[in-house]
Amino acid sequence: MILLDGRRVGQTWRASLKPRIESLKKRGITPGLGVILVGDDPASHLYVARKEEASRAMSYLFHKLTLPTTTETSEVQAAIVALNQNPKIHGIIIQLPLPAQIDTDAVLETIDPQKDVDGLHPANLGDLLIGHERVVPATPKGIVRLLEAYTIETEGKHVVIVGRSTILGKPLAALFLNRNATVTICHSKTENLGFFTRQADLIVMDTGVPNLLQADMVAAKAVVIDAGITKLASGAVVGDVDFVAVAPNVAAITPVPGGIGPMTIAAILDTTLELAERTR
0 MILLDGRRVG
10 QTWRASLKPR
20 IESLKKRGIT
30 PGLGVILVGD
40 DPASHLYVAR
50 KEEASRAMSY
60 LFHKLTLPTT
70 TETSEVQAAI
80 VALNQNPKIH
90 GIIIQLPLPA
100 QIDTDAVLET
110 IDPQKDVDGL
120 HPANLGDLLI
130 GHERVVPATP
140 KGIVRLLEAY
150 TIETEGKHVV
160 IVGRSTILGK
170 PLAALFLNRN
180 ATVTICHSKT
190 ENLGFFTRQA
200 DLIVMDTGVP
210 NLLQADMVAA
220 KAVVIDAGIT
230 KLASGAVVGD
240 VDFVAVAPNV
250 AAITPVPGGI
260 GPMTIAAILD
270 TTLELAERTR
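If you count by numbering that gives the first Met the number 0, then the sequence shown holds residues 0 to 279, one letter each, in order.
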């Protein structure tokens with residue numbers, strides 16, 4: 000069994016960005032990332048803190064705007080427009096989920112597609128669907144990069160993605176289709192999930208249901224990517240995969256934590272840099 004070490008690969012990826020950052024700075028450009036955080040959800044604040052730490056470690060300009068839980072859609076849109084118009088900000092992230100009263104689709108559509116780090120603007124998602132990978136959502140981008148780092152082939156393979164979110168499941172399916180994989184998407188309404196996962200060469204889990212994937216649901220040849228993360232009442236952090244039971248029975252697997260999380264952060268840094276490099 001191969002442990003797919005996202006921390007190590009993510010660090011290598013981040014290190015590879017440094018020459019590009021220096022090249023940009025010679026042009027008088029510092030990559031700038033703007034993040035809008037609405038409300039007081041502890042997990043969202045933690046995720047933004049990690050993005051800020053990583054951005055500042057790479058000498059990026061980081062701008063964070065925190066808005067109260069009572070914020071309305073129009074107020075978030077106004078904040079986005081200001082970032083769209085700020086020449087020092089090359090990438091924009093809206094930390095999801097947003098409070099229930101906010102129209103998330105309207106908010107995402109307000110982002111300039113050329114500054115859409117998460118790749119969630121309809122224009123960028125549409126490009127991805129037709130094979131133009133101009134701006135790719137961070138976690139799917141990180142997953143593909145991790146597989147490439149370990150020379151895990153996806154062409155011709157059967158990939159089963161458990162989770163159909165717009166930020167991960169759907170765009171990841173498009174990425175794998177672009178790479179000539181055969182893709183099955185499962186979700187909370189799928190009956191007999193194990194029937195599908197046992198057929199898979201590669202399984203990607205993204206449900207937020209702790210230990211959903213068990214040892215009897217995988218084939219020995221399988222590669223397992225666990226993009227789920229849950230903090231239990233005990234304080235333990237676990238993924239969607241019962242790691243102890245599944246790991247001895249598969250070809251390769253990511254840990255939680257230390258698997259996909261660091262790859263997502265590295266992908267955000269890489270995409271922000273790409274957007275800055277497109278600045279004229």
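Using N, Cα and C, we set each Cβ at its ideal position, and we do this for glycine too.
{"Item": "Measuring CA to CA, which of Leu2, Gly258, Asp115 is closest to Ala275?", "Value": "Asp115"}
{"Item": "Using the DSSP secondary-structure output, state which residues sit across from Thr181 in a beta bridge.", "Value": "His157"}
{"Item": "Let me make sure I understand the geometry here. Which of Ser164, Ala148, Thr150, Leu174 has the alpha-carbon closest to that of Val158?", "Value": "Leu174"}
{"Item": "What does DSSP give as the partner residues of Leu64 in its beta bridges?", "Value": "Ile35"}
{"Item": "To which residues of the same chain is Thr103 closer than 6 Å at the C-beta, ignoring the five residues directly before and after it?", "Value": "Leu97"}
{"Item": "Tell me which residues share the same chain as Val134 and place their Cβ nearer than 6 Å to its Cβ, disregarding the 5 neighbours each side in the sequence.", "Value": "Asp115, Gly118, Asn123"}
{"Item": "Between Gly38 and the rest of its own chain, which residues show a CB-CB distance below 7 Å, the 5 nearest in sequence each way excluded?", "Value": "Thr68, Pro98"}
{"Item": "Return the first residue and the last residue of the alpha helix (DSSP H) that Leu107 is part of.", "Value": "103 to 109"}
{"Item": "How should Gln10 be labelled, buried or exposed, when 16 other C-beta atoms within 10 angstroms of its C-beta is the threshold for buried?", "Value": "exposed"}
{"Item": "Cβ of Gly141 within 8 Å of Cβ of Leu82?", "Value": "no"}
{"Item": "Closest to Leu2 by C-alpha separation, out of Leu268, Thr278, Ile259, Thr263, would be which residue?", "Value": "Ile259"}
{"Item": "Whole angstroms are fine: how far does the CA of Arg163 sit from the CA of Ala172?", "Value": "9 Å"}
{"Item": "According to the neighbour-count rule (16 or more other Cβ atoms, all chains shown, within 10 Å of its Cβ), is Gly73 buried or exposed?", "Value": "One detail in the question is off: residue 73 reads as Ser in this sequence, not Gly. Classification of Ser73: exposed, given that the 10 Å Cβ count is below 16."}
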